[in-house]
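Take the sequence shown: its position 148, counting from 1, is numbered 512 in our numbering, and each next residue is one higher. Ideal Cβ placement from N, Cα and C applies to all residues, glycine included. This report refers to the structure that appears directly beneath it.
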Amino acid sequence: MIYELDDRKPQFMGDYFVADNAAVIGSVRMEHNSSVWWSVTVRGDNDLIHLGENVNIQDNSVVHTDGGIQVILEKNVSIGHLVMLHGCTIRENSLVGIGAIILNKAVIGKNCLVGAGAMVTEGKVIPDGSLVLGVNKVVRSLTPEEIATNTWIAEHYVERATRYRQGLKPVG
Numbered sequence: 365m366i367y368e369l370d371d372r373k374p375q376f377m378g379d380y381f382v383a384d385n386a387a388v389i390g391s392v393r394m395e396h397n398s399s400v401w402w403s404v405t406v407r408g409d410n411d412l413i414h415l416g417e418n419v420n421i422q423d424n425s426v427v428h429t430d431g432g433i434q435v436i437l438e439k440n441v442s443i444g445h446l447v448m449l450h451g452c453t454i455r456e457n458s459l460v461g462i463g464a465i466i467l468n469k470a471v472i473g474k475n476c477l478v479g480a481g482a483m484v485t486e487g488k489v490i491p492d493g494s495l496v497l498g499v500n501k502v503v504r505s506l507t508p509e510e511i512a513t514n515t516w517i518a519e520h521y522v523e524r525a526t527r528y529r530q531g532l533k534p535v536g
């Protein structure tokens, strides 16, 4: 569902997909080909949440802000299942793995992979091209193949969202 809250209203630029049991609330801007999947909450009740072009937020994730701290997800960002994003910025072509947590004022650089279950603490800045595992641990730089996979995942979710916009029908 898509909700206004007081004077905060979601904005949509171009094609998008929001699953019927997801909640997109308040100050949320979704760019072309962005998608919000099942049981996701994107709650812009305190400040702006920006989903760039080709961003996908996968099942059961939560995106939220504090007043004065936006969430910015740049182009081609993929957010895996069960991720918690709170007041953070994720630069283009990055992937956040299943169950990761990224806290207020953290910045994930371009072409990064935040591994499943990782935690990025408040204010931490992760350099471009990094692999992050555990708590604030940059393990190594990503290979060109891993960076290409990040792009492929974002493109795959654009195709998947198009399929769902066109072919999904309730039964019963």
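Q | Inter-residue Cα distance where the pair is Val503 and Lys533 | A | Along the sequence shown, read from residue 1 onward, the residue named residue 503 stands at position 139. Along the sequence shown, read from residue 1 onward, the residue named residue 533 stands at position 169. Cα to Cα, the separation comes out at about 44 Å.
Q. Got a sec, what are the start and stop residues for the beta strand (DSSP E) Ala387 sits in?
A. The residue given as residue 387 occupies position 23 in the sequence shown. Ala387 to Met394 is the span of the beta strand (DSSP E), which, as asked, contains Ala387.
Q.
By the DSSP assignment, the beta strand (DSSP E) with Thr485 in it spans what residues?
A. Counting from one through the sequence shown, the residue named residue 485 turns up at place 121. Note, Thr485: premise wrong, no beta strand (DSSP E); not H, not E.
Q | Distance, Asn514 Cα to Leu477 Cα | A | To locate residue 477, count along the sequence shown from 1; it is residue 113. To locate residue 514, count along the sequence shown from 1; it is residue 150. If you take the alpha carbons of Leu477 and Asn514, they lie about 8 Å apart.
Q.
Am I right that Ala387 and Ser442 are in contact with their C-beta atoms under 8 Å? What's the rounded C-beta distance?
A. The residue labelled residue 387 in the question sits at position 23 within the sequence shown. The residue labelled residue 442 in the question sits at position 78 within the sequence shown. The Cβ separation is near 20 Å, so there is no contact.
Q) Could you give the distance in angstroms between the alpha-carbon of Phe376 and the alpha-carbon of Pro491? A) Residue mapping note: residue 376 aligns to position 12 of the sequence shown, counting from 1. Residue mapping note: residue 491 aligns to position 127 of the sequence shown, counting from 1. Pairing Phe376 with Pro491, the inter-Cα distance amounts to about 30 Å.
Q. Just how far apart, CA to CA, sit Val460 and Ile421?
A. The residue you call residue 460 lines up with position 96 of the sequence shown. The residue you call residue 421 lines up with position 57 of the sequence shown. Using only the alpha carbons, I get a separation of about 10 Å.
Q: Would you mind stating whether Gly408 and Gly431 have Cβ atoms separated by less than 7 Å?
A: Within the sequence shown, the letter at position 44 stands for residue 408. Within the sequence shown, the letter at position 67 stands for residue 431. Not in contact: Gly408 and Gly431 (Cβ atoms no closer than 7 Å).
Q: Could you work out which residue in Met448, Asn475, His450 and Val404 is closest to Thr507 when comparing CA atoms only?
A: Position 143 of the sequence shown, counted from the start, is the residue given in the question as residue 507. Of the listed residues, the one whose Cα sits closest to Thr507 is Asn475.
Q | Euclidean distance between Cα positions of Glu395 and Ser403 | A | Counting from one through the sequence shown, the residue named residue 395 turns up at place 31. Counting from one through the sequence shown, the residue named residue 403 turns up at place 39. In a straight line, the C-alpha of Glu395 is about 20 Å away from that of Ser403.
Q. Which residues mark the beginning and the end of the alpha helix (DSSP H) in which Val522 is found?
A. As a first step, residue 522 is located in the sequence shown; it is residue number 158 there, counting from the start. Element bounds for Val522: Pro508 to Gly531.
Q: Give the C-beta separation of Ser425 and His445 to the nearest angstrom, bearing in mind that I take them to be a contact with Cβ-Cβ under 8 Å.
A: If you number the sequence shown from 1, residue 425 lands on position 61. If you number the sequence shown from 1, residue 445 lands on position 81. Correct: roughly 7 Å between the Cβ atoms.
Q) Around the C-beta of Glu456, are 16 or more other C-beta atoms found within 10 angstroms, so that it is buried, or is it exposed? A) For the purposes of this step, residue 456 is taken as the residue at position 92 of the sequence shown. The residue in question, Glu456, is buried, as its Cβ has 16 or more Cβ neighbours within 10 Å.
**Q.** Where Ile472 sits in the DSSP three-state scheme
**A.** The residue you call residue 472 lines up with position 108 of the sequence shown. It is a strand residue.
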